[in-house]
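S.K.: One structure, as structure tokens, below. Some questions next.
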Amino acid sequence: MNNKLSIYEKVIGEYEKKQENLESTRAKKLEELYENVPLIKKIDHRINEIGIKSGLNILQGKETDFKKELEELRDAKDAQLITNNYPLDYLDDEYQCKICKDTGFVDSKECSCFKQSIAREYYKMSNLDRVLAKENFL
């Protein structure tokens, strides 16, 4: 029972580390992008302002329609990325697992990659990982 819990905690820790690494990578990319293309920082700031304004309007019962302005801002951001030789997906996260986005869970259920990580740890604990590396039965 204790081994099961420690393996589970270890794998959870690995997924938390993956999330931290993704966040760190995203922050570094954004910092670099803002430094090299200051206009994108201004565009992102305006997009955030619209989000806040929209939220406040909704709370006050006012109708809001910022779709056109947001679309224009996103198009301007894309144009700046292209003009400055950045791919459009530059700020997108690069997940090892596209299903759970490296969280280990989908709809509160363990993802198949999480289950594989647990199995891999059991193999390591029982030395089956070494046996399977040599004897793959193919």
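Note that the numbering used here has the sequence shown beginning at 21, numbered continuously upward.
Idealized CB from N, CA, C, for every residue including glycine.
Just so it is clear, the structure is predicted and the values come from calculations on it, not from any experiment.
For the stretch 116-129 against the stretch 67-77, are there 3 or more C-beta pairs whose distance is under 8 Å?
M.R.: No contact exists between the stretch 116-129 and the stretch 67-77.
S.K.: Looking only at its own chain, which residues have a Cβ that is under 8 Å from the Cβ of Lys-111, when we skip the five neighbours before and after it?
M.R.: Per the sequence shown, the amino acid found at residue 111 is Leu instead of Lys. Cβ neighbours of Leu-111 beyond the five flanking positions: Arg-46, Lys-49, Leu-50 and Leu-53.
S.K.: Going by the beta-carbon positions, is the gap between Tyr-106 and Ile-27 smaller than 9 Å?
M.R.: Against a cut-off of 9 Å, the Cβ pair of Ile-27 and Tyr-106 comes out as no contact.
S.K.: Note down, in chain order, each residue of its chain lying with its Cβ closer than 7 Å to the Cβ of Ile-70, except the 5 sequence neighbours on either side.
M.R.: Same-chain partners within the cutoff: Phe-86, Glu-89 and Leu-90.
S.K.: In whole angstroms, what is the alpha-carbon distance linking Ser-146 and Pro-58?
M.R.: The alpha-carbon atoms of Ser-146 and Pro-58 are separated by roughly 54 Å.
S.K.: Measuring only the C-alpha atoms, how far is Tyr-35 from Leu-93?
M.R.: Roughly 34 Å between the two C-alpha positions.
S.K.: What residues in its chain sit with their C-beta under 6 Å from that of Ile-67, if we drop five residues either side in the sequence?
M.R.: Counting only Cβ-Cβ distances below 6 Å, and skipping sequence neighbours, we find Leu-93.
S.K.: Grab the span of the alpha helix (DSSP H) containing Asn-68 for me, first residue to last.
M.R.: Unbroken alpha helix (DSSP H) run through Asn-68: 58-79.
S.K.: Might you give, ordered along the chain, the residues of its own chain that have their beta carbon closer than 8 Å to the beta carbon of Leu-108, omitting 5 neighbours on each side?
M.R.: Excluding residues within five positions, the ones whose Cβ falls inside 8 Å are Asp-98, Leu-101 and Ile-102.
S.K.: Kindly list the residues whose CB is nearer than 7 Å to the CB of Cys-131, restricted to its own chain and excluding five residues on each side of it in sequence; keep chain order.
M.R.: Excluding sequence neighbours, Cys-131 sits near Cys-117, Ile-119, Cys-120, Gly-124 and Phe-125.
S.K.: According to the Cβ coordinates, are Leu-25 and Tyr-115 closer than 9 Å?
M.R.: No.
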